[in-house]
Amino acid sequence: MEVFYYLVFGVMAAVVAALEMSKRSKDQNTSSSFNSFKNNYILVFSIMMAGDWLQGPYVYYLYSTYGFGKRDIGQLFIAGFGSSMLFGTIVGSLADKQMLKKVKTLSRNFDQQWLPLTISKAVFFGNGLVAILSGLFGNLLVDIFSFGPVAPFDAASCFLAIGMVIILTTWSENFGDPSDSKDLMTQFKVAAIAIASGRFKVNVKNYEKIALLGAIQSLFEASMYTFVFLWTPALSPNNEEIPHGFVFATFMLASMLGSSLAARLMARSSLRVEKYMQIVFLVSAASLLLPITTSVLVTPSKVKEEGLSLTCSIQLLGFCVFEACIGIFSASIMKMRSQYIPEEARSTIMNFFRVPLNLFVCIVLYNVDALPITIMFGMCSIFVFVASILQWRLMVISENPSALLLPLRGRRAESNEGARLRS
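According to my numbering, the sequence shown holds residues 1 to 423 in order.
So this is what it looks like as structure tokens:
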């Protein structure tokens, strides 16, 4: 493996380690029973996430080793995104109705203030550290031990089985509160009412804020999920051998770096999320344009190269920047959702907006063989750029609600003037 991979990984690892060590987090005074519960949950969550992260870097590569072309692989990816579009909005409700396992601190009468501590540590380990280690472990299995691209999937099955055994032996059932249970259609109605609330009322700003936030998330995540498919062929245009697991671990380091930066940005009371996210989206759009820029400045080679070309090296750095922006986005969008979307219908509302997201990804992947990879990156860049414009609009109406009411007042004035003339 080339020195360049180690250099990029090492620099980002050092920066992330410095940022994490500089955090001055104060441990909460929790009970021993809660600590036992928290550690058990984080362990299970991390093991299950390892089963997921191990597979991610090698899905495209595995299909290609079986002889599938880009079009066939794109259609296989559609199965995942299509099922998410069809079933994503109902899985949460069905899980609630089928007796969820206890994962909430409230179900065991713990202090509600301890819940963020559990979630933050679970995210740090499961979505951060474990993701990086999973990429490195997958690279060890495939490239060092030469077990082949199936090995990470076999290892993932083992991790998932271990997690299942721990759940069955240590977790008890959470039947929930029957008085709070709602059928699926009721949840959809609540979400639809929340989205459309105030359309003809004074609080019309709530409707536009929710719509804008949903559109922003859909546009950015559509580009993000398309990137999941695109990065492998972008870095190996002529089927060059690349360390997929190591590259994936580098991406996860960049995402972790973004999360650390987001925590510091959100800690500043003078800096609003709506403001700095505009810059994040613009940087994301620019990074996704790099495959187009490099193809214009450097004539793409049609011959399989032994090492990483200059073009692919530049693209790898750009992709790391995009992954860092994903880390900032993931943390920041959660804060904006808590500000603008009612808690009782938050997940269902956001799932509504994921329908067009998954539909767009499915359309792109279905036509992947008809579109050059540069065109697909260009489409993703445009989507993120539009998200930055919508983010600017959200900032304007959140800072100055009267700006949103001016069109409504204008329509009312025109209506009153028309009624006066008719009379």
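The beta carbon of each residue, even a glycine, is placed where N, CA and C say it ideally should be.
Since this is a predicted model, take the numbers as computed values, not measurements.
In this structure C325 is buried. Its beta-carbon is surrounded by 16 or more other beta-carbon atoms within 10 angstroms. CA-to-CA, the gap between F227 and I210 works out to about 26 Å. In this chain, the alpha helix (DSSP H) harbouring A254 covers 244-266. Between E240 and E323 a beta carbon distance of about 21 Å is seen, past the 8 Å cut, so the two are scored as non-contacting. For the pair L282 and G327, the CB atoms are not nearer than the 9 Å cut-off.
Distance from L265 to L271 at the Cβ level is roughly 6 Å; contact confirmed, criterion being Cβ atoms closer than 8 Å.
According to the DSSP assignment, G327 belongs to the alpha helix (DSSP H) that extends over 310-340.
DSSP places P152 inside the alpha helix (DSSP H), whose first and last residues are 151-170. The beta-carbon separation of F68 and C362, rounded to 17 Å, does not stay under the 8 Å limit for a contact. Here DSSP, grouped into helix, strand and coil, assigns K275 to helix. Excluding residues up to 5 positions away in sequence, I242, C312 lie with their Cβ nearer than 6 Å to the Cβ of L235 in the same chain. Within the same chain, L212, E274 come within 6 Å of L394 by CB-CB distance, once the 5 residues on both sides are set aside. Rounded to whole angstroms, the gap between the alpha carbons of P233 and A155 is 24 Å. Contact annotation: L136 and G245 have beta-carbon atoms nearer than 9 Å. Judged by DSSP secondary structure, E20 falls within the alpha helix (DSSP H) whose first and last residues are 3-21. For F4, same chain residues with a beta-carbon under 7 Å away, outside a window of 5 residues either side, are L308, S313 in chain order.
Taking C-alpha positions only, I389 is separated from L290 by approximately 21 Å.
Taking 9 Å as the cut-off, the beta carbon of E221 is found no closer than this to the beta carbon of L371.
Two segments are said to touch when three or more pairs of C-beta atoms, one from each, lie closer than 8 Å; by this definition the region 144-158 does not touch the region 26-46. Straight through space, the alpha carbons of L54 and Y225 are spaced by roughly 17 Å. When secondary structure is reduced to three states using DSSP, F77 falls in the helix class. Annotation for T30: W114 place their beta carbon closer than 6 Å to its own, counting only its chain and skipping 5 residues before and after. Listed in chain order, the non-local C-beta contacts of F251 below 6 Å within the same chain comprise E323, local neighbours out to five positions each way being set aside. Classified as buried, S255 has 16 or more neighbouring CB atoms from the shown chains inside 10 Å of its CB.
Judged by DSSP secondary structure, W392 falls within the alpha helix (DSSP H) whose first and last residues are 373-399.
When S332, P237, Q278, T294 are compared, the shortest CA-CA separation from K302 is found for P237. Residue L230 holds the alpha-carbon nearest to the alpha-carbon of S381 among G163, T118, L230. Look at N127 here: in three-state DSSP terms it is helix. Its Cα nearest to that of L288, the residue V384 stands out among V142, A50, V384, Y61. Residue state for V59 is assigned as helix, using DSSP reduced to three classes. Excluding sequence positions up to five before and after W392, its CB lies within less than 7 Å of the CB of Q278, all in the same chain and listed in chain order. Taking each of F360, I373, R337 in turn and checking the Cα distance to T293, the smallest one comes out for I373.
Straight-line measurement puts the Cα of Q217 at about 10 Å from the Cα of M336. The continuous stretches of alpha helix (DSSP H) do not include K302, and DSSP gives it neither H nor E. By the criterion of a C-beta distance shorter than 7 Å, A13 is surrounded in its chain by L253, once the five residues flanking it on both sides are discounted. In this structure, the alpha-carbon of G163 lies about 6 Å from that of M48.
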